[in-house]
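Numbering-wise (the numbering used here), the sequence shown opens with residue 89 and increments by one.
Note that the Cβ used here is the ideal one computed from N, Cα and C, for glycine as well.
On a predicted model such as this, the values are computed, not experimentally measured, just so you know.
Step one of this worksheet: look at the structure below.
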Amino acid sequence: MTRLAVIDVGSNSVRFIVTSVDEDGHHRTIDDERAQTRLGEGLATTGALSHEAMDRTAEALSRMLRIAANHQVDRVRAVATAAVRRASNGEGFVERMHRELGLDIEVLSAHEEGRLVFLGVAHNFELDGRVAALDIGGGSIEFVRGAGREIESIASLPEGVVTLKERLAEDPPSRRELKTLRKHVRTMLSDAVPDTSPVSALVGSGGTVTSLGAMSCAVRGIKYENLQGLEVPLSDVVHFTSLLRDRSLEARMKVPGLPKYRADIILPGLVVVREAMELLGSNHIVVNTKGIREGIILDTLAPSRQKVSARDRRRAALQFAERLQFESKHSRHVANTAVSIWEQTDPSTRVLTNERQLLEIAGILHDVGYFIAYERHHMHSEHLIRHADLPGLTPRELRLVAAIARYHRGALPKRKHESYGDLTEEDREVVRRLAGILRLADGLDRGRMQRVKSVVLDWDDGSCLLKLQGTDLSVEAHGGLDKGLLFEKAYHTRLSIESGGRIDSRERDPAA
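Right, dumping it as structure tokens:
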């Protein structure tokens with residue numbers, strides 16, 4: 089057995105957990121602790137962490153480290169989220185904790201925070217179809233959409249319950265204040281969340297959601313030992329908002345199931361839950377009591393990803409595609425055809441040493457977006473790949489693979505497209521060339537029958553003749569010509585295809 093301590097330094101509270109891990113990687117909690125330090129209090133106004141809040145947090149961290157020492161833990165991993173990430177003196181706070189406590193705190197990016205939230209959700213719940221995870225913190229709100237167990241998009245909202253509470257000047261808040269807050273949260277969600285189509289499940293974490301679950305049980309007289317997995321209906325969210333909105337802080341502290349330390353921030357939290365549920369058309373929210381800490385544990389226990397062979401990277405891509413129920417024969421064939429075409433291009437045009445494998449992986453994954461829907465599936469593929477957990481690929485390489493897969497159909501690359509415009513000019517050139525090859529290879533399996541057995545490229549001055557080997561290739565030749573424009577543009581050539589003794593050229597598009 090080894091022991092791991094995880095510390096989550098949040099904007100509202102610091103959470104601490106000690107877990108024991110067996111040789112198979114299974115873990116169980118043996119101790120936990122929380123302290124409400126309100127580290128993010130006043131941050132929205134001043135832009136900095138207050139000395140009082142930092143002192144409170146330092147005291148809590150010192151106590152937790154002593155507990156960790158008592159448990160003789162093998163490793164302590166501490167992370168900080170929105171408050172430290174945004175504060176002008178966040179770096180100074182991290183340096184102070186290292187100097188005074190010997191504690192190294194990792195400041196998570198918004199994207200990494202969302203990834204860890206969903207990692208815990210995917211581990212603890214059976215996910216089917218399109219799902220969403222909502223993590224409500226003190227200083228930010230993470231909203232992650234997924235297709236099954238794979239991340240589709242991550243959005244981080246710049247306010248949490250502590251900062252939203254500061255928008256309410258009165259106690260209890262006036263109806264006008266609450267109406268204004270609801271409108272603000274609704275706008276914030278709509279602006280941040282790219283896709284608001286319905287989901288089969290909405291999983292929520294954070295103190296607001298667990299408090300909501302506890303109140304829901306208390307009002308029904310249900311005794312609970314663990315709220316994990318509890319489904320809370322929208323009607324309960326509406327009920328508790330109406331129940332608490334006219335009560336003073338002192339009266340809210342007496343509501344069964346509501347922890348006293350959350351009484352002052354529960355209303356903003358309920359507003360967030362209600363707006364998120366209505367935005368997605370969800371009638372229930374599922375309680376996830378483990379939150380981001382579970383994701384941190386799983387991420388810490390994951391095997392090292394630094395040295396992964398090319399074969400392992402390909403295997404990981406295939407496993408990812410299988411989870412998304414890809415069409416194996418078509419995708420493998422397209423990938424192989426694309427690689428064959430690439431091997432017959434001018435080596436002087438190549439920029440990266442691993443272009444061949446990036447193209448192969450993009451070919452394997454180009455149609456995974458079908459798991460979500462046929463319409464715009466190339467864009468769904470891009471989103472899924474961009475957030476995929478593929479060992480051995482760097483974030484830059486994942487973005488390249490995602491962009492290459494995206495442009496296997498639909499519009500050609502444009503700078504106004506985020507997935508393309510945000511790349512460096514060097515990477516845009518890689519995407520143009522490899523996506524042009526992938527697009528052509530996909531067209532060459534237009535009938536999805538894998539009729540093309542081999543391809544031979546004959547380059548001449550300003551032209552390229554693509555010779556196909558196989559039987560009855562009229563559909564495939566037409567498909568290749570139809571999808572050959574990006575290839576022509578990327579390689580500054582005119583494409584012709586030979587099959588069955590016939591040579592055809594791609595029709596000229598006067599506007600191209």
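Of all alpha-carbon atoms in 497, 471, 533, 535, the one lying nearest the alpha-carbon of residue 507 is that of 471.
Here the segment 495-511 makes no contact with the segment 269-282; the two share fewer than three CB pairs at distances below 8 Å.
Assigned with DSSP and collapsed to three states, residue 310 falls in coil, not helix or strand. Of 265, 366, 307, the smallest CA-CA separation from residue 345 is found for 307.
By the neighbour-count definition (other C-beta atoms within 10 Å, threshold 16), residue 214 is an exposed residue. Taking a contact to require three or more Cβ pairs closer than 8 Å, the segment 586-595 and the segment 545-560 qualify as touching. Contact check for residue 290 against residue 219 passes: the beta carbons are separated by less than 9 Å. Looking only at 429, 462, 225, 461, the smallest Cα-Cα distance to residue 448 is reached by 429. Residue 135 has its alpha-carbon roughly 31 Å from the corresponding atom of residue 387. The alpha-carbon of residue 240 is positioned some 17 Å away from that of residue 485.
The criterion of a C-beta distance shorter than 9 Å is satisfied by residue 380 and residue 204. The beta carbon of residue 405 is closer than 7 Å to those of 449, 452, 453, 478 in its chain, skipping five residues each way along the sequence.
Counting only unbroken stretches of 3 or more residues, the beta strand (DSSP E) elements lying wholly within the segment 253-329 are 289-293, 319-321, in sequence order.
With a cut-off of 8 Å on Cβ pairs, the segment 258-265 is not in contact with the segment 488-501, counting fewer than three such pairs. For residue 143, there is no enclosing beta strand (DSSP E); the enclosing alpha helix (DSSP H) covers residues 139-158. Comparing alpha carbon positions, the residue from 476, 481, 482, 469 closest to residue 491 is 469.
For residue 377, no pairing in a beta bridge is given by DSSP.
Sequence-distant partners of residue 144 (beyond 5 residues in either direction) whose C-beta falls short of 6 Å from its own C-beta, in its chain, are 125. Put simply, the backbone Cα of residue 335 is about 19 Å away from that of residue 362. Annotated three-state conformation of residue 417 is helix, per DSSP.
Here residue 162 is exposed: its Cβ has fewer than 16 other Cβ atoms, across all protein chains shown, within 10 Å.
Between the alpha carbons of residue 473 and residue 579 lies a gap of roughly 26 Å. Of all C-beta pairs linking the segment 314-334 to the segment 223-235, fewer than three are shorter than 8 Å, placing the two stretches out of contact. The three-state secondary structure of residue 541, taken from DSSP, is strand.
Under DSSP, residue 90 forms a beta bridge with 109. Within the same chain, and ignoring the five residues on either side of residue 560 in sequence, the residues whose Cβ sits closer than 7 Å to its Cβ are 539. Going by DSSP, residue 473 is part of the alpha helix (DSSP H) stretching over 465-474.
Between the segment 174-181 and the segment 151-161 there are fewer than three inter-stretch CB-CB distances shorter than 8 Å, so the stretches are not counted as touching. Rounded to whole angstroms, the gap between the alpha carbons of residue 294 and residue 312 is 18 Å.
In this structure, 108 is the residue among 108, 123, 179, 114 with its C-alpha nearest to the C-alpha of residue 164. Per DSSP, the beta bridge partners of residue 555 are 544, 586. Between the segment 411-426 and the segment 528-548, the count of Cβ pairs shorter than 8 Å is three or higher; the stretches touch.
Residue 245 has 229 as its beta-bridge partners, per DSSP. Counting only the Cα atoms, residue 349 lies some 20 Å from residue 169.
When DSSP reads this structure, residue 383 sits in no beta bridge, so it has no partner.
Here DSSP, grouped into helix, strand and coil, assigns residue 133 to helix.
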